[in-house]
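Peer 1: One structure, as structure tokens, below. Some questions next.
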Amino acid sequence: MTLSPYDIFAALSGLLIVAVLVVVLVELPTIRRYLPAFLKYRHLLGTMVSRDFKVKYRRSVLGIFWSILQPLFVMLIVTFVFSNVFRVAIADYPVYYITGSFIFGLVSDSTGASLQSVIGGGSLIKKVYIPKYIFPLESCLFALISALFSFIAVIIVYIVQQYPFYPTFLLFFIPMLYATFFSFGLGLILSALVVYLRDIAHIWTIWLTAWFYVTPILYPLSILPDYVQSVLQFNPLVHYVDYAREIMMYGAVPGWQENLICAGFALVTLVVGLAVFKRLQDRFVLYI
Amino acid sequence: MSSVITVKHLTMKYVVTKDRADSVKEYLIRYLKRQLTRDEFIALDDISFKVGKGEVVGIVGLNGSGKSTLLKLISGVLKPTSGTVERVGSVAPLIELGAGFDDDLTARENIYLNGAVMGFSHREMAKKYDAIISFAELEKFQDRALKTFSSGMRARLGFSVATATKPEVLIVDEILGVGDFLFKEKSEARIKELMAGGTTVLLVSHTIKQIRELCSRALWLDEGHLLMDGATREVCDAYEAGAGAL
Numbered sequence: 033m034t035l036s037p038y039d040i041f042a043a044l045s046g047l048l049i050v051a052v053l054v055v056v057l058v059e060l061p062t063i064r065r066y067l068p069a070f071l072k073y074r075h076l077l078g079t080m081v082s083r084d085f086k087v088k089y090r091r092s093v094l095g096i097f098w099s100i101l102q103p104l105f106v107m108l109i110v111t112f113v114f115s116n117v118f119r120v121a122i123a124d125y126p127v128y129y130i131t132g133s134f135i136f137g138l139v140s141d142s143t144g145a146s147l148q149s150v151i152g153g154g155s156l157i158k159k160v161y162i163p164k165y166i167f168p169l170e171s172c173l174f175a176l177i178s179a180l181f182s183f184i185a186v187i188i189v190y191i192v193q194q195y196p197f198y199p200t201f202l203l204f205f206i207p208m209l210y211a212t213f214f215s216f217g218l219g220l221i222l223s224a225l226v227v228y229l230r231d232i233a234h235i236w237t238i239w240l241t242a243w244f245y246v247t248p249i250l251y252p253l254s255i256l257p258d259y260v261q262s263v264l265q266f267n268p269l270v271h272y273v274d275y276a277r278e279i280m281m282y283g284a285v286p287g288w289q290e291n292l293i294c295a296g297f298a299l300v301t302l303v304v305g306l307a308v309f310k311r312l313q314d315r316f317v318l319y320i
Numbered sequence: 026m027s028s029v030i031t032v033k034h035l036t037m038k039y040v041v042t043k044d045r046a047d048s049v050k051e052y053l054i055r056y057l058k059r060q061l062t063r064d065e066f067i068a069l070d071d072i073s074f075k076v077g078k079g080e081v082v083g084i085v086g087l088n089g090s091g092k093s094t095l096l097k098l099i100s101g102v103l104k105p106t107s108g109t110v111e112r113v114g115s116v117a118p119l120i121e122l123g124a125g126f127d128d129d130l131t132a133r134e135n136i137y138l139n140g141a142v143m144g145f146s147h148r149e150m151a152k153k154y155d156a157i158i159s160f161a162e163l164e165k166f167q168d169r170a171l172k173t174f175s176s177g178m179r180a181r182l183g184f185s186v187a188t189a190t191k192p193e194v195l196i197v198d199e200i201l202g203v204g205d206f207l208f209k210e211k212s213e214a215r216i217k218e219l220m221a222g223g224t225t226v227l228l229v230s231h232t233i234k235q236i237r238e239l240c241s242r243a244l245w246l247d248e249g250h251l252l253m254d255g256a257t258r259e260v261c262d263a264y265e266a267g268a269g270a271l
């Protein structure tokens with residue numbers, strides 16, 4: 033049996049996961065000390081999420097429906113541009129696009145909101161003690177719930193396009209969870225660093241645009257040269273978007289290699305995020 | 026008497042970078058030019074004391090003596106440079122009134138948000154809601170956005186929420202001066218009520234009269250040093266004599 037580079041990649045990712053789990057196990061007593069504080073502030077988390085919904089849709093007639101309408105309209109525009117103007121030959125383009133963009137949207141919304149969350153919570157951080165990770169966590173939770181509404185848009189597109197629903201469609205939450213854990217890790221890093229260096233906010237907006245184009249959302253990965261495809265294997269979003277399409281569009285369940293890679297990206301980013309955040313959080317109050 | 030707050034060798038240094046660099050470019054230029062000079066400012070220098078359960082301690086001192094820094098360290102907002110603060114039980118800080126209020130939300134929503142900041146669930150706050158809104162005398166305004174509120178109304182709401190949760194430690198920084206004289210009397214009465222119920226209170230005020238009335242013990246801070254710690258009368262007399270002499 034020969035191992036393909038893909039298998040090796042998956043195995044390495046698996047090893048990283050094991051390493052992370054070992055670290056978590058070793059640090060378990062420390063982690064358990066944080067549990068009472070987390071439980072105490074779980075109401076705050078819920079209250080903040082509902083506040084975000086209230087503030088976001090205040091004075092808008094359609095309110096939460098915008099979470100469904102917005103992706104639908106963007107999908108219509110993109111489909112028009114790419115099916116009629118550039119003539120990209122992908123079967124069921126609206127379905128293809130919205131399945132990918134929905135995962136990308138989740139990542140870009142959660143990281144974008146997390147990035148501003150600590151600075152935005154400045155007035156609180158300066159006045160009362162609360163666990164600071166609650167800010168990026170809340171941003172990601174809010175983005176995840178919003179994504180569930182956008183998911184209704186995805187279903188609508190499948191229905192309108194008379195695209196078949198495979199039983200594996202029901203596993204849609206798996207790529208969402210991978211993407212959310214990954215985003216939370218990134219969000220922790222971004223929200224902490226941006227306190228000290230505000231430039232990161234601008235850099236991140238640019239990066240999100242670039243990231244959108246190096247992820248096969250508008251186009252299939254196969255149109256790229258082989259070496260570009262190999263490099264893009266290091267883009268976690270390639271895997272998450274692909275995962276979503278496999279289960280939702282093609283009725284297939286990705287194998288253990290793909291799951292190891294997806295989980296590896298998410299878990300490693302999360303642990304790095306937690307470590308970075310923990311190191312930087314004590315001095316937030318002096319810089320906000 | 027068991028102590029609720031134990032402060033040991035507490036020191037707080039602020040590193041003040043002159044003209045802080047806000048962007049990478051600026052930082053690099055300064056770094057290369059070696060203009061990143063740092064000043065250290067010692068806000069608190071080796072402070073130790075204990076506060077027992079139910080004690081009401083006033084903290085006096087001139088502006089910049091470190092009073093607010095001390096309260097922020099005790100409430101956990103700041104991390105000390107060295108030394109430790111040990112607390113037992115819940116702390117409701119009134120460092121500035123209405124911490125965590127959101128201008129876009131109504132008074133009602135803000136009460137729940139503020140309660141959540143202190144760790145209370147929606148259900149627990151619902152039980153206290155009527156008492157909070159009536160103490161703040163804001164029944165007519167409970168569903169108006171907070172941004173339409175005057176500073177007095179805001180302060181009343183903040184005070185009302187923070188004291189309604191019956192915290193074990195209440196930290197009060199210069200806030201009893203808010204609102205009209207009627208509310209001032211009411212809030213003093215509320216503080217006394219909490220004191221009677223065993224709440225430990227830390228009070229910072231420039232109104233020495235208030236400290237004399239409410240506190241049994243006082244601390245005098247001067248330029249980060251704990252100059253005096255004792256009975257309110259002695260400390261306040263010394264402070265007024267000393268501060269007048271400066």
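Chains as they are written, first to last, in the working numbering: chain S, 33 to 320; chain R, 26 to 271. Built from N, CA and C at the ideal position, the CB exists for glycine as well.
With 8 Å set as the bound, which would you pick, yes or no: does the beta-carbon of PHE145/R sit closer than that to a beta-carbon of chain S?
Peer 2: What you label residue 145/R is simply residue 120 of the second sequence in a count that begins at 1. PHE145/R counts as touching chain S.
Peer 1: From ILE279/S, ILE221/S, GLY296/S, pick the residue whose C-alpha is nearest to that of ILE49/S; which is it?
Peer 2: Taking the first residue of the first sequence as 1, we reach residue 49/S at position 17. Ranking ILE279/S, ILE221/S, GLY296/S by Cα distance to ILE49/S puts GLY296/S first.
Peer 1: For the stretch 83 to 94 of chain S, enumerate the residues whose C-beta is nearer than 8 Å to any C-beta of chain A, in chain order.
Peer 2: The question asks about chain A, but that chain is absent: this structure's protein chains are S and R.
Peer 1: Flag GLY125/R as yes if its beta-carbon sits less than 8 Å from any beta-carbon of chain S, otherwise no.
Peer 2: The count along the second sequence starts at 1 and reaches residue 125/R at position 100. Chain S, which has a Cβ nearer than 8 Å to the Cβ of GLY125/R, makes this yes.
Peer 1: Quick one: is TRP239/S buried, meaning 16 or more other Cβ sit within 10 Å of its Cβ, or exposed?
Peer 2: Numbered from its first residue, the first sequence carries residue 239/S at position 207. Looking at its Cβ environment, which holds fewer than 16 other Cβ atoms inside 10 Å, TRP239/S is exposed.
Peer 1: For the beta strand (DSSP E) containing HIS234/S, name the first residue and the last one.
Peer 2: Residue 234/S sits at position 202 when you count from the first residue of the first sequence. No beta strand (DSSP E) contains HIS234/S, which is instead part of the alpha helix (DSSP H) from 231 to 245.
Peer 1: With a threshold of 8 Å between beta carbons, is TYR154/R in contact with chain S?
Peer 2: The residue you call residue 154/R lines up with position 129 of the second sequence. No, TYR154/R lies away from the interface with chain S (no Cβ there is under 8 Å from its Cβ).
Peer 1: List the whole-angstrom C-beta distance separating ALA335/S from PHE309/S, where the pair is believed to meet the contact cut-off of C-beta under 8 Å.
Peer 2: Limits of chain S in this structure are 33 at one end and 320 at the other, which puts residue 335/S out of reach.
Peer 1: Can you give me the start and stop residues for the alpha helix (DSSP H) that ALA69/S sits inside?
Peer 2: Residue numbering aside, residue 69/S sits at position 37 when the first sequence is read from its first letter. Where ALA69/S is concerned, the enclosing alpha helix (DSSP H) stretches over 60 to 72.
Peer 1: Could you tell me which residues DSSP puts in a beta bridge with TYR39/R?
Peer 2: Sequence index remark: in the second sequence, residue 39/R carries index 14 (1-based). TYR39/R is bridged to PHE66/R.
Peer 1: If I'm right that GLY249/R touches GLY91/R with Cβ under 8 Å, what's the distance once you round it to whole angstroms?
Peer 2: Sequence index remark: in the second sequence, residue 249/R carries index 224 (1-based). Sequence index remark: in the second sequence, residue 91/R carries index 66 (1-based). The pair is a contact, with the Cβ atoms about 5 Å apart (cut-off 8 Å).
Peer 1: Looking at chain R, which residues of the stretch 272 to 294 of chain S have a Cβ within less than 7 Å of any of its Cβ atoms?
Peer 2: The residues in question: there are none.
Peer 1: By the DSSP assignment, the alpha helix (DSSP H) with MET253/R in it spans what residues?
Peer 2: Counting from 1 along the second sequence, the entry for residue 253/R is found at position 228. Taken as a continuous stretch (DSSP letters only), MET253/R belongs to no alpha helix (DSSP H), being part of the beta strand (DSSP E) at 250 to 256.
Peer 1: Any C-beta of chain R sitting closer than 8 Å to the C-beta of ILE162/S?
Peer 2: For this step, residue 162/S is matched to residue 130 along the first sequence. Yes - at least one Cβ of chain R is within 8 Å of the one on ILE162/S.
Peer 1: Would the stretch 211 to 221 of chain S count as touching the stretch 298 to 312 of chain S if we require 3 or more Cβ pairs under 8 Å?
Peer 2: Contact between the stretch 211 to 221 of chain S and the stretch 298 to 312 of chain S is present, because at least three Cβ pairs lie under 8 Å.
Peer 1: Taking a cut of 7 Å between CB atoms, which residues from the stretch 48 to 78 of chain R lie near chain S?
Peer 2: Flagged, chain order: SER48, VAL49.
Peer 1: Are the C-beta of TYR73/S and some C-beta of chain R separated by less than 8 Å?
Peer 2: Within the first sequence, the letter at position 41 stands for residue 73/S. Judged by the 8 Å Cβ criterion, TYR73/S is in contact with chain R.
Peer 1: Take HIS147/R and list the residues in its own chain whose beta-carbon comes closer than 7 Å to its own, dropping the five residues that flank it on each side.
Peer 2: Numbered from its first residue, the second sequence carries residue 147/R at position 122. Closer than 7 Å at the Cβ level, and outside the excluded window around HIS147/R, lie TYR137.
Peer 1: Determine, for GLU134/R, whether the minimum Cβ-Cβ distance to residues of chain S falls below 8 Å.
Peer 2: Counting from 1 along the second sequence, the entry for residue 134/R is found at position 109. So yes, GLU134/R belongs to the interface.
Peer 1: Could you please give me the residues that DSSP links to GLY114/R through a beta bridge?
Peer 2: Here the question's residue 114/R lines up with position 89 in the second sequence. Partner(s): none; GLY114/R has no beta bridge.
Peer 1: Name the DSSP bridge partner or partners of VAL226/R?
Peer 2: Numbered from its first residue, the second sequence carries residue 226/R at position 201. According to DSSP, VAL226/R bridges with VAL81/R, LEU195/R.
Peer 1: Would you please verify whether the beta carbon of ASP314/S is less than 8 Å from any beta carbon of chain R?
Peer 2: Here residue 314/S corresponds to residue number 282 of the first sequence, with the count starting at 1. Yes, because at least one Cβ of chain R sits closer than 8 Å to the Cβ of ASP314/S.
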